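Engineer: My questions will all concern the structure given below.
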Amino acid sequence: MARLRPPYWHSHPAAAALGVLHDRDPAAGARAAWLTGALIGIDCALAGIGVACAPVLDLRYPDAHDVIGDRSFGSDPQAVGALGRAFAEGMLAGGVQPVAKHIPGHGRARADSHLELPVVSGSAPEELRPFIDNAFVPWAMTAHILYTEWDPHHAATLSPLVIERIIRGAIGFQGVLVSDDLSMRALQGAPGALAAAALAAGCDVVLHCTGVLEDSRALLEACPPITDRALERLRAGRAMVRRMRDALDPAELLVERDRLLA
101 MARLRPPYWH SHPAAAALGV LHDRDPAAGA RAAWLTGALI GIDCALAGIG VACAPVLDLR
161 YPDAHDVIGD RSFGSDPQAV GALGRAFAEG MLAGGVQPVA KHIPGHGRAR ADSHLELPVV
221 SGSAPEELRP FIDNAFVPWA MTAHILYTEW DPHHAATLSP LVIERIIRGA IGFQGVLVSD
281 DLSMRALQGA PGALAAAALA AGCDVVLHCT GVLEDSRALL EACPPITDRA LERLRAGRAM
341 VRRMRDALDP AELLVERDRL LA
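If you're matching positions, the sequence shown starts at 101 in the numbering used here and goes up one per residue.
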């Protein structure tokens, strides 16, 4: 995907380009999304990667921060849901588990959660729609956003209220819930304490991506053993991979996709 690039891996269109095609021709847009997901799945599977952090299901809002940018399929909830589903199904067919992000929605944020904690007020039911339409996806990644309507004190990643009532409840997602990178500046605190808080809130696993050995050690020492419920979700996700990649010819898929996007 973003880090597996030519000449060793395929180049892929931004999600926004798939959204533009879908606006003109919904069937062609959905097919191009499936093909892109399949090609990413094949690349990842051949590299020994079993889980990939896509698709992005965040809606694009005109007055929001551009951190999501062209990673979003667009602003229409139904279109984003349909494209996300096609993309995720393509990834599964290619041999990799997709991760829907950033649940329950990063689109309205007016700040970059890599740099600070975005605060979002009010509710926007349309923002949940793409995640509801993709609740079948085996993994989802939390948003480091404070949604004051649901929990005025904790970002979603650290909020039992948001995870239980919105992500597991209103959205209906029952797969593996992984935190976004705990080293992002939206969250404050020691790595181990943040990991423990995210797991206690309802995340199944956490990400910490600094690569600093001391921080990683502190985080691992603070993490409790993985729960039986989390293990069940991990096994269920692996079972969803359809292992069709042997029957898929990447060259043929690439030609078809590029023709659709031309």
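Glycine is no exception: its CB is placed at the ideal position from the N, C-alpha and C atoms. All figures in this text were calculated on a predicted structure; none of them were measured in a lab.
Just to confirm, are Gly205 and Glu227 a CB contact at a threshold of 9 Å?
Structural biologist: For the purposes of this step, residue 205 is identified with residue 105 of the sequence shown, where counting begins at 1. For the purposes of this step, residue 227 is identified with residue 127 of the sequence shown, where counting begins at 1. Result yes, Cβ atoms of Gly205 and Glu227 sit closer than 9 Å.
Engineer: Between which two residues does the beta strand (DSSP E) carrying Pro198 extend?
Structural biologist: The residue given as residue 198 occupies position 98 in the sequence shown. Start and end: 197-203.
Engineer: Runs of 4 residues minimum, wholly inside the stretch 309-360: which ones carry the alpha helix (DSSP H) assignment?
Structural biologist: 313-322, 328-340
Engineer: Can you pull the DSSP bridge partners for Thr242?
Structural biologist: Position 142 of the sequence shown, counting from 1, holds the residue named residue 242. DSSP, once it has assigned bridges, lists Ile203 as partnering Thr242.
Engineer: Can you check DSSP and say which residues form a bridge with Val276?
Structural biologist: If you number the sequence shown from 1, residue 276 lands on position 176. For Val276, which the question treats as bridged, DSSP gives the partners Trp239.
Engineer: Using only the alpha-carbon positions, how far apart do Leu353 and Arg131 sit?
Structural biologist: In the sequence shown, the residue the question calls residue 353 occupies position 253. In the sequence shown, the residue the question calls residue 131 occupies position 31. Looking at the two C-alpha atoms, the distance is approximately 10 Å.
Engineer: In whole angstroms, what is the alpha-carbon distance linking Gly272 and Gly148?
Structural biologist: Stepping through the sequence shown from its first residue, residue 272 is reached at position 172. Stepping through the sequence shown from its first residue, residue 148 is reached at position 48. Their Cα atoms are separated by approximately 30 Å.
Engineer: With DSSP run on the structure shown, which of helix, strand or coil describes Ala224?
Structural biologist: In the sequence shown, residue 224 corresponds to position 124, counting from 1. Here Ala224 sits in coil by DSSP.
Engineer: Checking 9 Å against the spacing of the C-beta atoms, do Cys153 and Val199 come in under that value?
Structural biologist: Walking along the sequence shown from the start, residue 153 turns up at place 53. Walking along the sequence shown from the start, residue 199 turns up at place 99. Yes, Cβ-Cβ distance for Cys153 and Val199 is below 9 Å.
Engineer: Select from Asp315, Tyr161, Gln178 the residue whose C-alpha is nearest the C-alpha of Gly129.
Structural biologist: Taking the sequence shown and counting its residues from 1, one reaches residue 129 at position 29. For Gly129, the nearest C-alpha among the options comes from Gln178.
Engineer: Quick one: is Cys309 buried, meaning 16 or more other Cβ sit within 10 Å of its Cβ, or exposed?
Structural biologist: As a position in the sequence shown, residue 309 is number 209, starting the count at 1. Flag for Cys309 reads exposed.
Engineer: How big is the Cα-Cα spacing for Val262 and Ala301?
Structural biologist: Sequence index remark: in the sequence shown, residue 262 carries index 162 (1-based). Sequence index remark: in the sequence shown, residue 301 carries index 201 (1-based). Spanning the two alpha carbons is a distance of roughly 9 Å.
Engineer: Just verifying my parser: in three-state terms, what is the DSSP assignment at Asp170?
Structural biologist: Taking the first residue of the sequence shown as 1, we reach residue 170 at position 70. Helix, per DSSP.
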